[in-house]
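Residue numbers (the numbering used here): 19 to 410.
No residue lacks a Cβ here, since even glycine has one placed at the ideal position from N, Cα and C.
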């Protein structure tokens, strides 16, 4: 089925995209604590009025995934459009109201505008446009707004465990409306070092857990400097380590008996998370030999693999054709260093997944977050065009 770009533009009112995004930004869903239910309800009502079937997957109090479906005749493939309904907490000094959603000089400001309520609005309006147009699709279209992406990713995990099936998925994270075909994996390591408390005036009377923590950090940084630069991909750069948190001690006159360290390990395409974990365990084993009596526990609260999708995958080709149709430019595929729910959909769900959405990741997680309104509207056109290409 051939639907022209002009026809798709006639189906979508740009102001509807802007208004829906503004209403979403106005709903607080910072994570923690989350409270994404209000976002799910707003999107559910909007899509139900457009003729989609809507369900809610309750996961925690006031936290639920939304899943909306537009069924075809059952003889074609399935496409999933997916985004997260939570945002990062508000921090820093803002010049606008974080939940105001004002549009100034073509930019919508507010927490979550770029990451990623602008993308959610574009996806929802695209689904609504197809529902209203009553295009006879052979395949089925699903839209999911999932919780907790900014923390532990439990929403996407629940979506996969609920049995969601699709031939392809698109995650609407901010990519400047360019297809992301490769992204890093991520492992969060947490270490607790155990020492022995004592009086600060006699440091030798105990075991200083902070000193052991410093030794551990130094060993990890040495490993990162020597091993990781060569593990690189042309679209995302090299593997990396960030020392994210370091806590220890309660008072200067007490030898600290605990030290807690949090580390972010980005896993480059070509690496495996299993090998990265083994390397960290080897560092600990070597330290126990070098520093007798070292007591350290390691846990892994978050672990997602790198994601790749072939550049010639149908969903990537369709997105590229749609970008060309609505922007007049030939897009380049890109990579993303950040980790998204694509890792869960592709890894645990086995769904070939591309990341594509309006906005810039450079605006995410910071004061005065914003998204270009024109990118949101263009994304709605592109999602609609892509769905028609794949499903009709």
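- The alpha-carbon separation between residue 373 and residue 111 amounts to approximately 30 angstroms.
- Looking at the DSSP output, residue 325 shares a beta bridge with 201.
- Contact holds between the stretch 186-202 and the stretch 360-367, because three or more Cβ pairs, one in each stretch, are under 8 angstroms apart.
- Cβ-Cβ distances below 7 angstroms link residue 77 to 83, 165, 172, 173, 176 in the same chain, with the five nearest sequence neighbours on each side left out; the list follows chain order.
- Residue 102 carries a strand assignment under DSSP once its states are collapsed to helix, strand and coil.
- Residue 128 and residue 102 have their C-alpha atoms spaced approximately 16 angstroms apart.
- Close CB contacts of residue 61 within its chain, under the 6 angstroms cut and outside five residues either way in sequence, are with 84, 142, 163 (chain order).
- Around the beta carbon of residue 135, 16 or more other beta carbons lie within 10 angstroms, which makes this residue buried.
- Taking a C-beta distance under 9 angstroms as the contact criterion, residue 157 and residue 90 qualify as a contact pair.
- Judged by beta-carbon spacing, residue 21 lies beyond the 9 angstroms limit of residue 400, meaning their Cβ atoms are not closer than that value.
- Contact between residue 140 and residue 65 fails: their C-beta atoms lie close to 13 angstroms from each other, not under 8 angstroms.
- The secondary-structure analysis by DSSP pairs residue 277 across a beta bridge with 211, 266.
- In the DSSP assignment, residue 86 falls within the unbroken beta strand (DSSP E) covering 81-88.
- Bridge partners of residue 389 according to DSSP: 126.
- As a beta-bridge residue in DSSP terms, residue 163 pairs with 84, 101.
- The Cβ atoms of residue 205 and residue 320 lie closer than 9 angstroms to each other.
- Of all alpha-carbon atoms in 195, 293, 273, the one lying nearest the alpha-carbon of residue 392 is that of 195.
- A Cβ-Cβ distance of about 6 angstroms is found for the pair residue 370 and residue 331, placing them in contact under the 8 angstroms criterion.
- Shown here, residue 111 sits in coil according to DSSP, grouped into three states, outside any helix or strand.
- Assigned with DSSP and collapsed to three states, residue 41 falls in helix.
- Going by C-alpha positions, residue 201 is about 42 angstroms away from residue 269.
- Under the 8 angstroms Cβ criterion, the stretch 337-349 does not count as touching the stretch 287-302, having fewer than three qualifying pairs.
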